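Comments concern the structure below.
There are 2 protein chains.
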Amino acid sequence: MEDNIIKEKEVKPRNRDNFLIKQRAFVKLYLLSWIEQGRPYGKEMLEDFYKTFKQFNYKPNHSEVYKGLHELLDDGIITRSRIIKEGSKRQELKVYQIANMDEARRYKNQVKEDLDRSIGLLNWAVRDNF
Amino acid sequence: MEDNIIKEKEVKPRNRDNFLIKQRAFVKLYLLSWIEQGRPYGKEMLEDFYKTFKQFNYKPNHSEVYKGLHELLDDGIITRSRIIKEGSKRQELKVYQIANMDEARRYKNQVKEDLDRSIGLLNWAVRDNF
DNA sequence: GGATGAACAGTTTGTTCATCG
DNA sequence: CGATGAACAAACTGTTCATCC
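And the structure:
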């Protein structure tokens with residue numbers, strides 16, 4: 125106990141539940157649904173985003189998708205395994221499966237609430253201003 | 125032209141029109157509508173936000189409101205004047221008026237488009253994932 | 001203390017660089 | 001070059017500090 129200097133965490137946490145749903149949560153919601161449905165890998169899901177949202181001018185970048193996948197992994201909601209891409213070049217891919225179905229469902233429901241809240245907020249603004 | 129070193133701007137601009145509408149635009153939309161309707165001042169509009177969005181758990185902070193007002197001023201869409209608050213303490217307030225009605229309308233329509241796009245995006249996610 | 005304004009700081013997310021086959 | 005991952009940096013916005021009645 126000599127002159128140990130205890131460095132306290134000095135980060136002040138911020139107000140969170142504020143304006144609209146965050147992109148990360150939105151992306152993770154789609155990732156979960158797609159993983160439930162089959163065994164797509166990261167790049168493929170990125171392109172699914174492009175297709176799905178072309179009409180809305182929304183194009184998430186690859187980092188956002190990978191960060192979403194990593195968070196779901198860290199939270200134990202999905203697991204990952206390696207496979208060799210069919211076809212030719214012994215390209216390695218990472219594919220995903222749901223690890224904890226209850227957690228997955230819980231997370232999706234939570235995102236659903238934030239989605240509904242956000243939609244309500246935006247519709248309210250249309251009603252109030254137009 | 126001796127050894128003048130010309131410092132070039134090295135900031136790389138980013139892709140903008142991406143995910144959802146930004147809080148700043150959302151706030152400015154309400155500010156414009158309220159200013160059109162009367163002569164409210166900053167603090168009062170902040171409290172109007174609290175009342176309007178209590179049900180959505182959304183509570184913008186005062187800086188966001190003032191920054192929105194300053195941007196509208198800088199863009200010449202509104203003007204500002206000083207008045208003494210009725211009642212007592214010779215408290216000074218800043219009140220606002222529309223300066224350029226065409227620009228105001230143009231801005232609101234632009235925000236409307238982004239609102240609609242955002243609502244579409246979120247509804248799409250509900251449809252796809254639930 | 002009420003209102004306004006500005007500096008500062010934490011978070012989110014887009015861009016760039018690195019690695020591996 | 002295709003896929004993945006991580007470091008870095010810009011943009012956004014929440015918190016704190018300053019000022020003026």
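Those protein sequences? They're chains A and B, same order as listed.
Per the numbering used here, residue 125 is the first one in the first sequence, and the count goes up by one each step.
Per the numbering used here, residue 125 is the first one in the second sequence, and the count goes up by one each step.
For glycine and all other residues, C-beta sits at the position ideal for the given N, C-alpha and C.
Remember, predicted model here, so these are calculated numbers, not experimental data.
Here B:GLY200 is exposed: its Cβ has fewer than 16 other Cβ atoms, across all protein chains shown, within 10 Å. Proximity of chain A to B:TYR220 at the Cβ level (cut-off 8 Å) is not reached, the minimal Cβ distance being about 16 Å. 8 Å or more divides the Cβ of A:LYS236 from the Cβ of A:LEU156.
Annotation: the continuous beta strand (DSSP E) that includes B:LEU217 extends over 216–222.
Residue pairing for A:ARG206: DSSP places it in a beta bridge opposite A:LYS218. Between A:ASN253 and the set B:LEU245, B:ALA228, B:LYS136 and B:ARG251, the nearest pair of CA atoms involves B:ALA228. Here B:LYS175 is exposed, its C-beta having fewer than 16 other C-beta atoms within 10 Å. Beyond the five residues adjoining it in sequence on each side, A:ASP238 comes within less than 6 Å, by CB distance, of ILE145 in the same chain, given in chain order.
In this structure, the CA atom of B:ARG230 is about 10 Å from the CA atom of B:ASN224. Among the residues of chain B, none has a CB under 7 Å from the CB of A:ILE207; the nearest is roughly 26 Å distant. In the three-state DSSP reduction, B:TYR182 falls in the coil class, being neither helix nor strand. Counting only unbroken stretches of 4 or more residues, the alpha helix (DSSP H) elements lying wholly within the stretch 143–183 of chain B are 147–161 and 166–177, in sequence order. A residue is called buried once 16 or more other Cβ atoms fall within 10 Å of its Cβ, and B:ILE207, having fewer, is exposed. When C-beta distances to chain A are compared with 9 Å, the residues of the stretch 160–186 of chain B below that value are THR176, PHE177, GLN179, PHE180, ASN181, TYR182, LYS183, PRO184 and ASN185, in chain order.
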